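Reading through the structure tokens given below for one structure.
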Amino acid sequence: MLVVKIGGGKGIELGPVVDEFAEIVRDGERAVLVHGGSHETDVLSAALGHPATTITSPSGHVSRRTDRRTLEIFCMAYCGKVNKQIVEMLRARGVDAVGLSGLDGGIWRASRKGAIRSVEDGRTVIIRDDLSGRVESVDDAFVRVLMEAGKTVVLTPPAVTEDGVAVNVDADRAAAMTAAALGADELLLLSNVSGVLRDVGDPGSLIESSREGGVEAIRAAAAGRMKNKVLAAEEACRGGVSRVVIGSAGGERAIAAARGGAGTVVWADDSLEEAPGEVAR
Ligand code: ADP
23 MLVVKIGGGK GIELGPVVDE FAEIVRDGER AVLVHGGSHE TDVLSAALGH
73 PATTITSPSG HVSRRTDRRT LEIFCMAYCG KVNKQIVEML RARGVDAVGL
123 SGLDGGIWRA SRKGAIRSVE DGRTVIIRDD LSGRVESVDD AFVRVLMEAG
173 KTVVLTPPAV TEDGVAVNVD ADRAAAMTAA ALGADELLLL SNVSGVLRDV
223 GDPGSLIESS REGGVEAIRA AAAGRMKNKV LAAEEACRGG VSRVVIGSAG
273 GERAIAAARG GAGTVVWADD SLEEAPGEVA R
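Going by the working numbering, the letters in the sequence shown line up with residues 23 to 303, in that order.
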């Protein structure tokens, strides 16, 4: 079982990677696709006159401010545009794909963040109405039912709280929870960078694997949104996934390349201790 997460960052071309994913499924491998949609959300938010804004925590972590209107636009982009685009591409390539958000059927059960501290113009304010959270559990039984019926499942945020509120969650960490819940051997986190770079400005500074300096070295190098990918990789490994590859979604054979070790490979046996802290998306 393979779980592939395709990022939603700027510049990711879906065609080739979805093509390759379709080929893997047609060859008989069991695989689940998880995707993001952050760039499309930014574009749509601007077009609809509700531009994206961010929350900066006192420790400097930046995440999307998700008020009710933003959540609606988020759903339009993630569930409406990107999810249906991928399902259409897969179906056109002979794959019986079904696209769902983590809200549907309660696939991704999340806790909602309480009061969030945000630094605005040098002052710390408390935001209480943010609709964001983190996935706590996955209804893997439902996903398995779909797979047993021959469907290929394409999942995307939002997730849903116990009391039925849709929340924005980080798709990398949701993919990690999903991979662990489904007993996947491998998780690929593919985005617009080649992996975790020692220096984000230098594409030649790729950390190839956790064998080099342990997960600590990877954690230390990751800034901004890359932190969530590293946390996701560690969570997946702790959940029983043998290895996670943080790699590029670009190129003709991105999935084969990542499976062949192109990118940053995090091995489960290098990431057994608890990771410190966490970052919201
Ligand atoms: P996606 O939305 O496609 O899943 P993200 O934008 O969340 O991807 O994460 C990838 C981004 O993380 C890169 O585009 C880069 O700007 C940022 N980043 C921060 N630190 C690093 C690092 N050490 N190595 C690589 N990328 C990094």
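For each residue, glycine too, the CB sits at the ideal point set by N, CA and C.
Treat the numbers as computed from the prediction; the structure is a model and nothing was measured.
**Report entry** Local Cβ density within 10 Å of glycine 217, reported as buried at 16 or more and exposed below that
**Finding:** Answer is buried; the Cβ neighbour count reaches 16.
Query raised in the report: Looking at the structure shown, is glutamate 300 part of a helix, part of a strand, or coil, going by DSSP?
Result: For glutamate 300, the pLDDT reaches just 47, beneath the cut-off of 50, and the residue's location in the model is therefore unreliable, leaving the point undetermined.
Query raised in the report: Do you know whose CA, among Gly246, Arg247, Val252, lies nearest glutamate 238's CA?
Result: In this structure, Val252 is the residue among Gly246, Arg247, Val252 with its C-alpha nearest to the C-alpha of glutamate 238.
Query - Where the alpha helix (DSSP H) through isoleucine 240 begins and ends - result: Looking at the DSSP string, the run of the alpha helix (DSSP H) that includes isoleucine 240 is 232-243.
Report task. Report the three-state DSSP secondary structure of asparagine 214 (helix, strand or coil). Result -> Correct three-state label for asparagine 214: coil.
**Report entry** lysine 251 Cβ short of 7 Å to the ligand ADP heavy atom set
**Finding:** Within the cutoff, so yes.
Query - Distance cut-off 7 Å: alanine 244 Cβ against heavy atoms of the ligand ADP - result: Under cutoff, so the answer is yes.
Report task. Could you tell me the distance, in whole angstroms, from the CA atom of serine 67 to the CA atom of arginine 87? Result -> Taking the straight line from one Cα to the other gives about 12 Å.
**Report entry** leucine 70, buried or exposed, once every other Cβ within 10 Å from all chains shown has been counted against 16
**Finding:** Exposed is the call here.
Query raised in the report: Which term fits lysine 106, buried or exposed, when burial requires 16 or more other beta carbons within 10 angstroms of its beta carbon?
Result: Lysine 106 should be labelled exposed.
Requested in this report: Could you check if alanine 188 is buried or exposed, using at least 16 other CB atoms within 10 Å of its CB as the buried criterion?
Outcome: Within a 10 Å sphere around the beta-carbon of alanine 188 sit 16 or more other beta-carbons, which makes this residue buried.
Query - Spatial neighbours of serine 159 in its chain, beta-carbon cut-off 6 Å, leaving aside the 5 residues before and after - result: Counting only Cβ-Cβ distances below 6 Å, and skipping sequence neighbours, we find Arg131.
Query raised in the report: CA-CA distance, alanine 284 and leucine 55?
Result: Straight through space, the alpha carbons of leucine 55 and alanine 284 are spaced by roughly 19 Å.
Query raised in the report: What do you get for threonine 27, buried or exposed, if any count of 16 or more other CB atoms within 10 angstroms of its CB means buried?
Result: Here the sequence assigns lysine to residue 27, which means threonine is not the residue at that position. Counting other Cβ atoms within 10 Å of its Cβ, lysine 27 reaches 16 or more and is therefore classed as buried.
Requested in this report: Classify isoleucine 129 as helix, strand or coil using the three-state DSSP reduction.
Outcome: In the three-state DSSP reduction, isoleucine 129 falls in the coil class, being neither helix nor strand.
Query raised in the report: Taking 7 Å as the line, does the beta carbon of methionine 248 fall inside it for any heavy atom of the ligand ADP?
Result: Flag set: Cβ of methionine 248 near the ligand ADP.
Query raised in the report: What number of angstroms, rounded off, separates the C-alpha of isoleucine 292 from the C-alpha of glycine 235?
Result: Sequence check: residue 292 is aspartate here, not isoleucine. Computed Cα separation, rounded: 10 Å.
**Report entry** Assigned exposure category for proline 180 - 16 Cβ within 10 Å defines buried
**Finding:** Looking at its Cβ environment, which holds 16 or more other Cβ atoms inside 10 Å, proline 180 is buried.
Requested in this report: Look at the alpha carbon of alanine 245 and the alpha carbon of aspartate 126, and state the distance between them as a whole number of angstroms.
Outcome: Roughly 32 Å separates the two Cα atoms.
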